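S.K.:
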Amino acid sequence: MSSPADVRIVVEDGTATVAVSILSRIEGRWRLVASEAAPAAIGVDPIVAELVRAVRAADPELARDLPPPSQAADLPRIVSRGRLAPGAAILAASERQADVLAAAARTAGLVVRAPHSAPDLLGAIRAALRPDVAVVVAGSGPRPTSDERGIADELVAALTSIAARRTDVSFVVAGPLAARIAAPDVRARTTVVDDPAGPEGGHALREALLEVGLPADDTRRGIANAARELALLLELRIEVVEVGHAAGMRLLAWQAGEGATSTDARVAVLAEGALVPPDPPDELVDAIAAWSPAVLDRVRLRDRLVEAYETPWGDLDGEGATLTVAAARAAVERMVAATPDISALPAADLLVACGGAWADAPAPAVALALVDVARRPGAMQLGFDHARLLGPLGLVADADERRALIAGAIDDIVLPLGTAIVPRGIRASRGTIGHLSLSVDDSISAYIELEAGGVHLVDLPPGATGIARLAVRDAVDLGARGREFEIPVAGGLGGLLVDLRDVPMRLPSRPDRRREALAAWQRPLWPDADR
Amino acid sequence: MSIDAGRPVSAGGLELVAARRLIVDAPVLRLPLSPGDRALVIDGDVVAAGTTLARRYRDVRVESFPRPEGALRASPSAGGWWPGTESTRGRARGRRGTPPGEVLYDVADRWHLAVGEHEEALDAPADGVVEEVRPGTGIALRIAGAGIPGVAAVGGPSRGRLVTFPADGDLRTGALDVGLAGAIVVVGARVDAETLTRCRATGMRGVVAANLSDKERRDFLASEARQRAGYHGIAPFAVLILDGAVRRPIASPVRALLSGIDGREVAIVVDPSMLIFDPTGIERPETAPGLVRIRSGPAAGREGTWVASLGIRRFRAGVRLRAGLVRLDDGSEVAVPLADLERYV
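Line by line, the protein sequences are chains A and B.
For the first sequence, position 310 (counting from the first letter as 1) is numbered 295 according to this note's numbering, and the numbering increases by one without interruption.
For the second sequence, position 261 (counting from the first letter as 1) is numbered 268 according to this note's numbering, and the numbering increases by one without interruption.
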């Protein structure tokens, strides 16, 4: 650290908690010096002061050029912000079209307020006038039927009426309906998407809605940018699953273009991907209970989930910790189910967990949670944005500075959790089904007999790399079918996970047996879980 | 920061405990309107408690009719109120009347109005000034008073005199009688849906509780919805939840404040969730220096005095959290994750 110009306070200001980090340029490279997360109600400045105090106490040499804690608030900041998911009103010329528009809006981080199609325009206008609605999505099919043509003028009149009454909402209009909008002030606030029902139309509509719905300083916009940078820097396909208080996010980013010099990405933001959505329905409560190794009746569990929505930073030790990770699992499960278009793309090489939901769980437990719900046959590395840096760093406006920050601190940004090997087509059988040997530095460091239906953990520390040789009796699918595989693996806090629970995962149907199985898999990853 | 033989070395750190406001001065209330409702006030109006701010309608439909002729030709803008016209009977040409309602839009010389039936009055829950009226959306009212914030409220808005039950246990139905008609009662830790229904039946105007289980909240809302579906309007009734869904007593600073306004006219409002009162002549209760309350976890609801910051500590399940040392009211000292604590300011 040579001067305050070489220090950045990085703030991810969420709806429930705020994560603050100090990045410093040390010997020409940006490094993470300290980080802390706390309830948002505390505010950023006390946390910055506390971090500076801690750095000065721990390493006076490193902190030589840091200002005193009382003046630390003046250090340059990079800030991203989270917001509650905004509402969307749907105006469509038919029920079918309303469903298409609503489906796209739900994957663009919007909470659909009662999708309505003609003739119930009153319901649509009522929804559009709600103060929490930020986007009005309207549309007709590419080739409107006679019924749709008959209602088009009323739809446009309703849109114009809403525009006059809500000067703070944006419009996204799909299909030929857009051409009928004549009012200049409405046109100026309208984004047009040609055919949302076409093969790539839903994706195009989602992208338009994300562009309109996510403010420039939004954390999730930053995460998407940063994931693209990671894909370019690491030359890997990067999948990110983020679970936050207000919403969740799933994205896949990969290198693209001539010479792989640019990136492409598929992004979805889902309000239903929040750790605990407000007023959770019974199905959601049951889905969380299904991932919890603890016995909780629905009434008690619902109460704890309501509290988790109100104060997600509280009750994070003991049973509360395992319950939070169970809720995060269920959230990722919902996001995977809601984004089949992302699942249909080639699998990622690196899966990164983001968001406050994972913040206090032990890293190996996060690794297993990811493998539990984001299941794909093959091998992939697992990482964890433990300091919640991706969002703010992805928002740095200057592309060179952004790349320098991410490239410099890349080892600190994505905490390595390890590598997961997840074969598909495991036959349920007793006894061993094969073996795995792990070679590190040309010598065998581990040899394990494999049993179907279990999770095997092999120590492989962060920074270590090796070759895992997997030999099984019956052919399995690991991206390609075979009986013998050589897989390069990288270490992490969770080590090497060999997951023989098949894809999709086979879990006992009886709740008690299911809980026993979950507890058996999770117990080694939660130190002092029984205390 | 480190721990020396289990003792803290940093005496500060209270600023890292989330602060919770005991009183919000002059809060702005948002009272929702839907298309078809008719606001009776305009921006800047000074209103007294009980003044009817708007007429809301339970059953709203769209009516369309040709643009009226002659002097009525000027079209009100979207959101404007159309007063309606009487039908006329002439020898040459009779004319049908038009209903009153809120103008939605105008297509091909036909007006489309939101027209409602089954009127309900939306009354001001307290004295204040109308900050903004947005037809079809809502009214913002700045209260000439103060509010005690809660985490949620259901029903309402509702107004009545405050009655505090002395004990901090659960309210039992046997404690209810018609003498409490018109009151908003503070019931302590928790209340169930059956008791809430009884409260409404005895003519009470509301309940303030520390906690309401989500199941009880849903049962109560279902009961409310059934009653509202009836033809006759029902008296306003609201429940203010101060803390959440799991059991814990009302925080001592809040309890002291509620005791101080016992017997006064108060109101429960939903957005934001608050108990509104007139602070004139009320002494704001002093909170003991360093008073903290355990908000979450197994000891939720207990209060104590902040002793010192403990830095990062390992808790159950191996979770490492920043912690503070708290001296509880029984004299024992416990390490509590900072995130589980709150303090009143």
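We put the beta carbon where it would ideally sit given N, CA and C, even for glycine.
Treat the numbers as computed from the prediction; the structure is a model and nothing was measured.
1) Using only the alpha-carbon positions, how far apart do residue 350 (chain A) and residue 494 (chain A) sit?
2) Assess, as a yes-or-no matter, whether the segment 112 to 124 of chain A is touched by the segment 86 to 103 of chain A under the definition of 3 or more beta carbon pairs within less than 8 Å.
3) For residue 339 (chain A), list the residues DSSP reports as bridge partners.
4) Closer than 7 Å by beta-carbon distance: list the chain B residues that pair up with residue 298 (chain A), in chain order.
5) Could you run through the segment 297 to 316 of chain A and flag, in chain order, every residue whose CB is less than 9 Å away from some CB of chain B?
6) Show which residues of chain A have a CB atom less than 8 Å away from the CB atom of residue 197 (chain B).
7) Contact between the segment 302 to 312 of chain A and the segment 185 to 200 of chain A: three or more CB pairs below 8 Å?
8) Find the residues of chain B that neighbour residue 131 (chain A), judging by a C-beta separation of less than 7 Å, and give them in chain order.
9) By DSSP's criteria, residue 417 (chain A) is part of a beta bridge. Which residues make up the other side?
10) Compute the distance between the beta-carbons of residue 222 (chain A) and residue 86 (chain A), then report whether it is under 9 Å.
11) Measure the alpha-carbon distance for residue 331 (chain B) versus residue 239 (chain A) and round it to whole angstroms.
12) What would DSSP say about residue 508 (chain A), mapped onto helix, strand or coil?
13) Mapping the DSSP letters down to three states, classify residue 323 (chain B) as helix, strand or coil.
14) Within 10 angstroms of its Cβ, does residue 338 (chain B) collect 16 or more other Cβ (buried), or is it exposed?
15) For the beta strand (DSSP E) containing residue 404 (chain A), list its first residue and its last residue.
16) Contact between the segment 474 to 485 of chain A and the segment 441 to 448 of chain A is defined here as three or more beta-carbon pairs at a separation below 8 Å; is this criterion met?
17) Per the DSSP calculation, residue 35 (chain B) is bridged to which residue(s)?
18) Measure from the C-beta of residue 373 (chain B) to each C-beta in chain A and report whether the shortest distance is under 9 Å.
19) Taking just the CA atoms, how far does residue 118 (chain B) sit from residue 124 (chain B)?
20) Buried or exposed: residue 242 (chain A), going by 16 or more other Cβ atoms within 10 Å of its Cβ?
21) Going by beta carbon distance, what residues of the same chain come within less than 8 Å of residue 26 (chain B), once the five residues before and after it are set aside?
22) Using a Cβ-Cβ cut-off of 9 Å, state whether residue 308 (chain B) counts as contacting chain A.
23) Verify the CB distance criterion: does residue 229 (chain B) have a CB-CB separation below 9 Å to chain A?
24) Residue 298 (chain B) and residue 318 (chain B): beta carbons closer than 9 Å?
25) Report the three-state DSSP secondary structure of residue 211 (chain B) (helix, strand or coil).
26) With a 10 Å radius around its C-beta and 16 neighbouring C-beta atoms as the bar for buried, classify residue 396 (chain A) as buried or exposed.
27) Is the CB-CB distance between residue 168 (chain B) and residue 191 (chain B) below 9 Å?
28) Could you name each continuous beta strand (DSSP E) segment of 3 residues or more that falls completely within the segment 157 to 185 of chain A, going from the start of the chain to the end?
29) Would you list, in sequence order, the uninterrupted alpha helix (DSSP H) runs of no fewer than 4 residues that lie entirely inside the segment 265 to 307 of chain A?
30) Would you decide whether residue 223 (chain B) is buried or exposed? Buried here means 16 or more other CB atoms lie within 10 Å of its CB.
31) Just the chain A side, please: which residues come within less than 9 Å of residue 65 (chain B) by C-beta, in chain order?
32) CB-CB under 7 Å to residue 34 (chain B), same chain, minus the five flanking residues each way: which ones, in chain order?
33) Which residue wins for smallest C-alpha separation from residue 374 (chain A), given the options A:112, A:30 and A:205?
34) Return the first residue and the last residue of the alpha helix (DSSP H) that residue 92 (chain B) is part of.
35) Please name the residues in the segment 322 to 354 of chain A whose beta-carbon is closer than 8 Å to at least one beta-carbon of chain B, in chain order.
36) Does any residue of chain B bring its CB to less than 9 Å from the CB of residue 511 (chain A)?
M.R.: Short version:
1) The residue given as residue 350 (chain A) occupies position 365 in the first sequence. The residue given as residue 494 (chain A) occupies position 509 in the first sequence. For residue 350 (chain A) and residue 494 (chain A), the distance between alpha carbons rounds to 23 Å.
2) Segments in contact, yes.
3) Sequence index remark: in the first sequence, residue 339 (chain A) carries index 354 (1-based). Under DSSP, the beta-bridge partners assigned to residue 339 (chain A) are A:227.
4) Position 313 of the first sequence, counted from the start, is the residue given in the question as residue 298 (chain A). Within chain B, the residues near residue 298 (chain A) are 346.
5) Correct list: 298, 299, 300, 301, 302, 303, 304, 305, 306 and 307.
6) Stepping through the second sequence from its first residue, residue 197 (chain B) is reached at position 190. Close partners of residue 197 (chain B) in chain A (Cβ separation under 8 Å) are lacking, with about 10 Å as the shortest Cβ gap.
7) The segment 302 to 312 of chain A, when compared against the segment 185 to 200 of chain A, does not touch it at the 8 Å Cβ threshold.
8) Stepping through the first sequence from its first residue, residue 131 (chain A) is reached at position 146. Ordered by position in chain B, no residue passes the 7 Å Cβ test against residue 131 (chain A), which lies about 17 Å from the chain.
9) Stepping through the first sequence from its first residue, residue 417 (chain A) is reached at position 432. In the DSSP output, where bridge partners are listed per residue, residue 417 (chain A) has A:436.
10) Sequence index remark: in the first sequence, residue 222 (chain A) carries index 237 (1-based). Sequence index remark: in the first sequence, residue 86 (chain A) carries index 101 (1-based). Against a cut-off of 9 Å, the Cβ pair of residue 86 (chain A) and residue 222 (chain A) comes out as no contact.
11) Within the second sequence, the letter at position 324 stands for residue 331 (chain B). Within the first sequence, the letter at position 254 stands for residue 239 (chain A). Taking the Cα positions, residue 331 (chain B) is about 44 Å away from residue 239 (chain A).
12) In the first sequence, counting from the first residue as 1, residue 508 (chain A) sits at position 523. Assigned with DSSP and collapsed to three states, residue 508 (chain A) falls in helix.
13) Looking up residue 323 (chain B) in the second sequence gives position 316. Here residue 323 (chain B) carries a helix assignment [DSSP, helix/strand/coil].
14) Numbered from its first residue, the second sequence carries residue 338 (chain B) at position 331. That one is exposed.
15) Sequence index remark: in the first sequence, residue 404 (chain A) carries index 419 (1-based). Taken as a continuous stretch (DSSP letters only), the beta strand (DSSP E) holding residue 404 (chain A) covers 400 to 407.
16) Yes, they touch.
17) The residue you call residue 35 (chain B) lines up with position 28 of the second sequence. Residue 35 (chain B) pairs with B:149.
18) A question about residue 373 (chain B) goes unanswered here, because the residues of chain B that appear run from 8 up to 352.
19) Residue mapping note: residue 124 (chain B) aligns to position 117 of the second sequence, counting from 1. Residue mapping note: residue 118 (chain B) aligns to position 111 of the second sequence, counting from 1. The C-alpha of residue 118 (chain B) is placed about 19 Å away from the C-alpha of residue 124 (chain B).
20) The residue given as residue 242 (chain A) occupies position 257 in the first sequence. In the assembly as shown, residue 242 (chain A) is an exposed residue. Its beta-carbon has fewer than 16 other beta-carbons within 10 Å.
21) Counting from 1 along the second sequence, the entry for residue 26 (chain B) is found at position 19. Taking residue 26 (chain B) as the centre and dropping the five residues before and after it, the same chain places the C-beta of 349, 350, 351 and 352 closer than 8 Å to its C-beta, in chain order.
22) For the purposes of this step, residue 308 (chain B) is taken as the residue at position 301 of the second sequence. The C-beta of residue 308 (chain B) comes no closer than 9 Å to any C-beta of chain A.
23) The sequence position of residue 229 (chain B) within the second sequence is 222, counting from 1. Interface with chain A (9 Å Cβ-Cβ cutoff): residue 229 (chain B) is excluded.
24) Mapped onto the second sequence, residue 298 (chain B) falls at position 291. Mapped onto the second sequence, residue 318 (chain B) falls at position 311. No; because the gap between Cβ atoms is not below 9 Å, this pair is not in contact.
25) Taking the second sequence and counting its residues from 1, the one referred to as residue 211 (chain B) is at position 204. Of the three classes helix, strand and coil, the one that applies to residue 211 (chain B) here is coil, per DSSP.
26) Looking up residue 396 (chain A) in the first sequence gives position 411. Residue 396 (chain A) is exposed by the Cβ-count criterion.
27) Your numbering for residue 168 (chain B) matches position 161 in the second sequence. Your numbering for residue 191 (chain B) matches position 184 in the second sequence. Contact: yes.
28) With a minimum length of 3 residues, the continuous beta strand (DSSP E) runs that stay inside the segment 157 to 185 of chain A are 175 to 178.
29) 267 to 275 and 283 to 295, all fully within the segment 265 to 307 of chain A.
30) Working through the second sequence from its first residue, we reach residue 223 (chain B) at position 216. That one is buried.
31) Counted from its first residue, the second sequence places residue 65 (chain B) at position 58. Residues of chain A passing the Cβ test: none, with the nearest at roughly 13 Å.
32) Your numbering for residue 34 (chain B) matches position 27 in the second sequence. Result list for residue 34 (chain B): 150, 154, 279 and 281, in chain order.
33) The residue labelled residue 374 (chain A) in the question sits at position 389 within the first sequence. Minimum Cα distance to residue 374 (chain A) is reached at A:205.
34) Along the second sequence, one-based indexing puts residue 92 (chain B) at 85. From DSSP, residue 92 (chain B) is part of no alpha helix (DSSP H); its letter is neither H nor E.
35) The residues in question are 345, 346 and 347.
36) The residue labelled residue 511 (chain A) in the question sits at position 526 within the first sequence. At a cut-off of 9 Å between beta carbons, residue 511 (chain A) contacts chain B.
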